[in-house]
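In the numbering used here, the protein residues as written are 1207 to 2423.
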């Protein structure tokens, strides 16, 4: 608002307005009876009276025009106080008085008494509420005087009496037409066959022009109508090309069909935005000030007709309500005219409905303005017509209008003509295909067939947004028109995504559970692409869903494209494969009747949101979809936090989704939902495996050559998985003949191989625990059950089954023929174990592909024959990675250069620098092997380089964490062993690479192409251990690098001493800064392994501020005669004086005492601690009320879930943002 004020104050003093003082009034005293202009401070507009209707003409705000006296008001001051003046306000042209009707101000024959006062922000004019510039339009409405749009500037105006008189005469002439419309309508009925005046009666058709003019003049018919009659009589319409059926009359005289009332049907179909305010374009352009005469045939009961003047980049505009017969309009702003012929065919907004076919078409005849043309499929326009229109029409305005069955377009004319020079019929057919498909999926074409036909607008714009949905329809940046308004692009499939997505925003409401506003509408986009027949789907692969299920990721915490897949899998299973071809229409209908709750800023039970979605899907489909929704995390309780909404504080899950939502989620809610579905006793469905990208399906587009295959949607290649292709889903097919080989690998995970020779029917594979609970899913013949899941299965009666398309599971027997391969390095370390199914007598001539990896050289294989006894093969490989792999006993740290920048840790983030610094933040160790990938650890902090969750997006960054490190996939740079010193790293299972983003050496980020990576300056560091005395349970310690102690070790510092005692204080952290002496305590003592690296920030460093201990991190320290040096006495909880000449070993701590006469032995005082035994380690995680693990900062203080920074959960350091 303030920007507008500055612009206004700069411009108004230079406007060409006839004013007395050329300035705005600055005091209330200056306001006396006289003529004034009244300006809106908020919108740089002038108060004016519209000239569009009879009765109470609107007061609105118009563009300032110095020659328009409709913007001049006569203010009559009738009383005053020191702070107010009482006034009435009269328009200078119409001499009608300002009055109020409801919430709008109008002009009227009688005046409303108003009060004027001056504030620091401008004048306010009020009677109760004030005159206020409407925010979403330009009417003057009644509203609070406190709003800035209720502030006005007043400027005295000098009247040119001649000019005013001329405008009054013009106004009175127009007013005469308006006020006498009934009489004119009656008079015209004498001459014309109907009220639209499109055909003279035979008697008058035979008159000559002079006789007809004389007769009509004698009957009081105005000149405009007489001129129109001669045009009709003589068929004097402009012809554009001989023989072309489209003439001026095509647009001047139109027959319009009714559309269902938008405001009623928006609620009935649960549309997310208001539907179109127009029903058809007319093809008429009008300029500001044009007077139009409009002739309308009979309007049925329940029907209404509005002519709307719509400007460029808009879906709506000034509306002029029409009545049957003669109408006179004065246009307020330039634009193209649209008809809105609506009928309310509901019963007070509900059923029963009246069929649209019972309402008659209406003829509308428009005179005035200029024919600009419009293309309409509903009128039967053809591509030949489109070609001619581009030659003869679209001359007066830079926007053109199109009408298809379902859409009305108002778009940049030149760009549309350039994008679609020939195939307009086909182009609009593609748009109608999208809308018809979405309405079919919503069930509108069955539930509301014959009752609902309200269109939507499609508008081009020049704003910053690419495409978007909003009130009245969808909006497209002009830069997109070459794509979305080009038939060939839409027909190719991919370009359908955007329009279907945006139109889907209007149609998604019923299925749009919380958090899914940019997800649920992708259902429509995927269906559009699927039915188009060129491309496969755009969604995350189900392998990601299976991984997230294994990791316990909550539904809303999944990525957009994974959640997109859930909606489309339901379509593939029920519609594409026919398990229930009316699933989505019935699902929409059920959720329209019993919707989920989607209310912002209140607490919403999961039962009323996504759990209702789950139950309704089962109920409508007739299948138990519990496993499907389990895979998508519907039954996971996410991390909850305390939120206060209104006066209530509850543990909830906060969701940002075009607003703020608070979900309440409990195990009781989840159990109740699952039990409710179980009580339905429905058959199971293995829908979770359905996929259209396992292999390339047949293309189905119009004109396709037999045998042509669909291609992949950009970014989502085909060939993921071995089973589950949607065409393999047949409700009568069972899985049979499979066998399984399962063996624990070197990491403690379970490797599974499925034998499928001679088998058939499986669409996926599932693992159940001994309680018959689903724990893992896969759509590949070879997969690995993670260790954390296998630990739960090991030693129990778990089972691995093949899932059939009929919903039944086939329990696979154990395989008997297999080979167990083991690859070791030269030191005997196992690098890879692989169990592969074989057949007895099978010849093996080469290593399995899974044993071939970059930087791994296998010895030449001697061919052999598989037998029932020859099951184990062990080979020793040569590893030639550019770096040494670190182990539990030895670390190798390197500088890592990614293209032009060195990788380093900056506080809590990984970054690149063009130069390298000699410190631990720039050094990294690689743990792993070429098969499993490498974990990458920072020397200074001990944190791992992690992929995070945003790697699918170019430019996003890796993260750092001490938990769940990423096993980065190692490969040759540019896939050639010749570049062995150079390598590349990618996120496992993806084509997303670590990259010097931009190539400037300062931005570590993901990209679809790799940057070369090299290492240098190896630093070898042995694993750190400390021996804690088993009797005293304590030991001193120091080290040159930051280190982290294990959970069962506590850290103490010395804060002071007397001649007899040393005072110790426990530090509530597990991190020891470099070159810092400490005392370590552990119940029972023993050898402890320390972790090299710790993130020692200011918070941690401050814990050591009072520490009196010195260190020997750099080397041993020899005591001199002048010193009083004390060190821990072995096996005793005391410090003893160290004799002169004795060397304190490296990596210990000691205390130098300044007291002149200390004892030779100083006992330890644990301060507030009453003894050794009560001393506890950093508090372990105790279950919180919501079942989440407790979280601590590095000071050991328990913090809430909203705490940001370095945290410790379950003894593990993590950076939480």
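Think of the CB as a built atom: it goes at the ideal place given N, C-alpha and C, for glycine as much as any other residue.
| Query | Result |
| --- | --- |
| Chain-order list of residues whose beta-carbon lies under 6 Å from that of residue 1665 (same chain, five-residue window excluded) | 1521, 1616, 1681 |
| For residue 1609, the first and last residue of its enclosing beta strand (DSSP E) | 1605-1609 |
| For residue 1791, the three-state DSSP class (helix, strand or coil) | helix |
| Cutoff 6 Å; reference residue 1716; Cβ partners in own chain excluding five residues on either side | 1476, 1794, 1797, 1798 |
| Residue 1522 at chain E interface by Cβ criterion, 7 Å | Of the chains in the structure shown, none is chain E; there is only one protein chain. |
| Buried versus exposed call for residue 2276 [16 or more other C-beta atoms within 10 Å across all chains shown] | buried |
| Outcome for residue 1361 when other beta-carbon atoms lying within 10 angstroms are tallied against a minimum of 16 | buried |
| Backbone secondary structure at residue 1429 - three-state DSSP | helix |
| Beta strand (DSSP E) segments (min. 3 residues) lying fully within the segment 1540-1570 | 1541-1549 |
| Delimiting residues of the beta strand (DSSP E) encompassing residue 1811 | 1809-1811 |
| Where the beta strand (DSSP E) through residue 2144 begins and ends | 2139-2144 |
| Candidates 1545, 1493, 1565, 1517, of which the one nearest residue 1536 by Cα | 1493 |
| Nearest-angstrom beta carbon gap, residue 2278 and residue 2300 [assumed within contact, 8 Å] | 7 Å |
| Beta-carbon separation (whole angstroms), residue 1277 vs residue 1243, contact threshold 8 Å | 6 Å |
| Whole-angstrom C-beta distance between residue 1514 and residue 1487, which should lie under 8 Å | Wrong, their Cβ atoms sit about 10 Å apart, outside the cutoff. |
| Sequence-distant residues of the same chain with beta carbon closer than 6 Å to residue 2297, five excluded per side | 2148, 2250 |
| Residues bridged to residue 1272 [DSSP beta-bridge criterion] | Its beta-bridge partners do not exist; DSSP assigns none. |
| CA-to-CA distance, residue 2116 to residue 2222, given in whole angstroms | 18 Å |
| Which of helix, strand or coil DSSP assigns to residue 1303 | strand |
| Reference residue 1729; option with closest CA among 1647, 1287, 2262 | 1647 |
| Host beta strand (DSSP E) of residue 2310 (start-end) | Where residue 2310 is concerned, there is no enclosing beta strand (DSSP E), given that its DSSP letter is neither H nor E. |
| Buried or exposed by the 16-neighbour rule on C-beta atoms within 10 Å, applied to residue 2260 | buried |
| Every unbroken alpha helix (DSSP H) within the segment 1391-1437, with a cutoff of 4 residues, ordered by chain | 1408-1411, 1415-1424 |
| Rounded separation between residue 2171 and residue 1791 - CA only | 45 Å |
| Cβ contact check for the segment 2090-2107 and the segment 2119-2127: 3 or more pairs under 8 Å | yes |
| C-alpha gap between residue 2014 and residue 1890, whole angstroms | 7 Å |
| Residue interval of the beta strand (DSSP E) (run including residue 1990) | 1988-1991 |
| Assigned secondary structure, residue 1377 (DSSP; H/G/I helix, E/B strand, else coil) | helix |
| Reference residue 1645; option with closest CA among 1582, 1709, 1947 | 1709 |
| Span separating the alpha-carbon of residue 2492 from that of residue 1774 | Residue 2492 is absent from the structure shown; the chain starts at 1207 and stops at 2423. |
| Start-end ranges of the beta strand (DSSP E) lying completely within the segment 1658-1701, minimum 3 residues | 1662-1667, 1673-1676, 1679-1683 |
| DSSP three-state assignment for residue 2116, whether helix, strand or coil | strand |
| Per-residue burial, residue 1864 [other beta carbons within 10 Å of its own, 16 or more giving buried] | exposed |
| Pair within 7 Å by beta-carbon distance, residue 1266 and residue 1256 | yes |
| Distance between beta carbons of residue 1245 and residue 1238, contact taken as under 8 Å | No, residue 1238 and residue 1245 are not in contact; Cβ-Cβ is about 18 Å, not under 8 Å. |
| Segment limits, alpha helix (DSSP H) that includes residue 1652 | 1650-1653 |
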